[in-house]
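A short worksheet on the structure shown next.
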Amino acid sequence: MKQLFDAVIFDLDGTLVDSMWVWPKIDEVYLGRFGFEVPDTLEAEFEGMSFTETALYVKECFNIPDDVEAIKAEWNKLAFEFYQKQVPLKTSVLAFLDYLKEQGIKVGIATSNSHELVNAVLEAHGIRERFEVIRTSCEVEKGKPYPYIYQRVAEELGVNVHRCLAFEDVPNGVLAAKRAGMTVCAIKDRQNEEMEAALHKEAHYFIEDYSEVIEYFQKNA
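Throughout the sequence shown, residue numbering follows my numbering, covering 4 to 224 in sequence.
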């Protein structure tokens with residue numbers, strides 16, 4: 004693997020951890036406080052947005068009186084216990100991280116989530132130290148599908164973007180990594196048929212879990 008890549012960069016939600024089920028629950032609770040039901044299309048509209056962009060979108064779309072920072076703080080509060088106690092790692096993540104360490108591959112995270120929740124779930128699973136760089140889309144000009152977050156992580160890892168393998172679970176994330184110049188592997192999560200078809204079309208590879216990646220590189224070593 005080291006012959007092809009110097010770094011692997013992961014998205015977080017739906018990619019490293021099985022957490023996508025959390026956010027519809029939070030949307031229901033939060034918007035319910037203001038008398039709104041969650042539109043069926045809301046999660047799709049959020050796809051790829053940074054945490055700040057999502058909060059701004061909700062504020063403007065539903066005319067929420069709270070400011071953006073207050074919305075983000077409340078979401079973090081609602082999600083924290085889920086991320087600390089109930090969100091599991093994706094299948095074979097630990098084995099893949101061990102494999103990357105053996106290969107001398109640098110590892111980073113490029114996420115649309117908040118630092119608070121990223122740290123909560125990584126520390127809960129005892130893997131925070133595995134990642135040399137963790138950046139969120141709130142720290143760059145625009146969220147996914149723009150390439151800035153992936154470019155930023157590659158720069159801080161000290162690697163060429165063309166020597167990076169990125170893992171994503173949504174089309175806008177795949178586009179962001181591709182536009183940054185990276186090889187992109189999509190991973191199976193809770194996507195509907197339309198989204199999964201888009202991932203097969205846009206990503207260079209598609210896997211069910213990380214054991215497939217380990218097996219591939221071991222066979223082709």
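Here a beta-carbon is modelled for each residue, glycine too, at the ideal position from N, C-alpha and C.
For clarity, every value in this text was computed on a predicted model and none was experimentally measured.
| query | For G51, does the count of other Cβ atoms within 10 angstroms reach 16, so buried, or fall short, so exposed? | reply | The count along the sequence shown starts at 1 and reaches residue 51 at position 48. Looking at its Cβ environment, which holds 16 or more other Cβ atoms inside 10 Å, G51 is buried.
| query | Are the Cβ atoms of F134 and D14 separated by less than 8 Å? | reply | On the sequence shown, position 131 is the one that residue 134 refers to. On the sequence shown, position 11 is the one that residue 14 refers to. Cβ atoms of F134 and D14: not closer than 8 Å.
| Assuming S53 contacts C141 under a Cβ cut-off of 8 Å, what Cβ separation, rounded to an integer in Å, is found between them? | As a first step, residue 53 is located in the sequence shown; it is residue number 50 there, counting from the start. As a first step, residue 141 is located in the sequence shown; it is residue number 138 there, counting from the start. Indeed they touch by this definition, with Cβ atoms about 5 Å apart.
| Between the beta-carbon of I130 and the beta-carbon of T18, is there less than 8 Å? | For the purposes of this step, residue 130 is taken as residue 127 along the sequence shown, with counting starting at 1. For the purposes of this step, residue 18 is taken as residue 15 along the sequence shown, with counting starting at 1. No. Outside cutoff.
| message | From the DSSP secondary-structure annotation, give me the bridge partner or partners of A10. | response | Residue 10 sits at position 7 when you count from the first residue of the sequence shown. Answer is K109, C167.
| Cβ shell of L97 (< 7 Å), same chain only, five flanking positions each side left out | The residue given as residue 97 occupies position 94 in the sequence shown. For L97, where only same-chain residues beyond five positions count, there are no Cβ hits under 7 Å.
| said: Using the three-state DSSP reduction, which class does D30 fall into: helix, strand or coil? | reply: The residue you call residue 30 lines up with position 27 of the sequence shown. Reduced to three states, the DSSP call for D30 is helix.
| field | Cβ-Cβ distance between V173 and A206 below 8 Å | value | Within the sequence shown, the letter at position 170 stands for residue 173. Within the sequence shown, the letter at position 203 stands for residue 206. For V173 and A206, no; Cβs fall outside 8 Å.
| request: Using the Cα positions of A47 and E77, report the straight-line distance between them to the nearest angstrom. | output: One-based indexing of the sequence shown puts residue 47 at position 44. One-based indexing of the sequence shown puts residue 77 at position 74. One C-alpha to the other measures close to 21 Å.
| Quick one, are the C-beta atoms of Y208 and A183 less than 8 Å apart? | Against the sequence shown, residue 208 aligns to sequence position 205. Against the sequence shown, residue 183 aligns to sequence position 180. The answer is no: Cβ separation not under 8 Å.
| message | Using C-beta distances below 7 Å, list every residue in its chain close to L81, excluding the 5 sequence neighbours before and after it, in chain order. | response | Start at 1 with the first residue of the sequence shown, and residue 81 comes out as number 78. Answer for L81: I29, V32, Y33, listed in chain order.
| Bridge partners - D16, DSSP secondary structure assignment | The residue labelled residue 16 in the question sits at position 13 within the sequence shown. Paired residue(s): V20.
| For F209, the first and last residue of its enclosing beta strand (DSSP E) | Sequence index remark: in the sequence shown, residue 209 carries index 206 (1-based). Start and end: 208 to 210.
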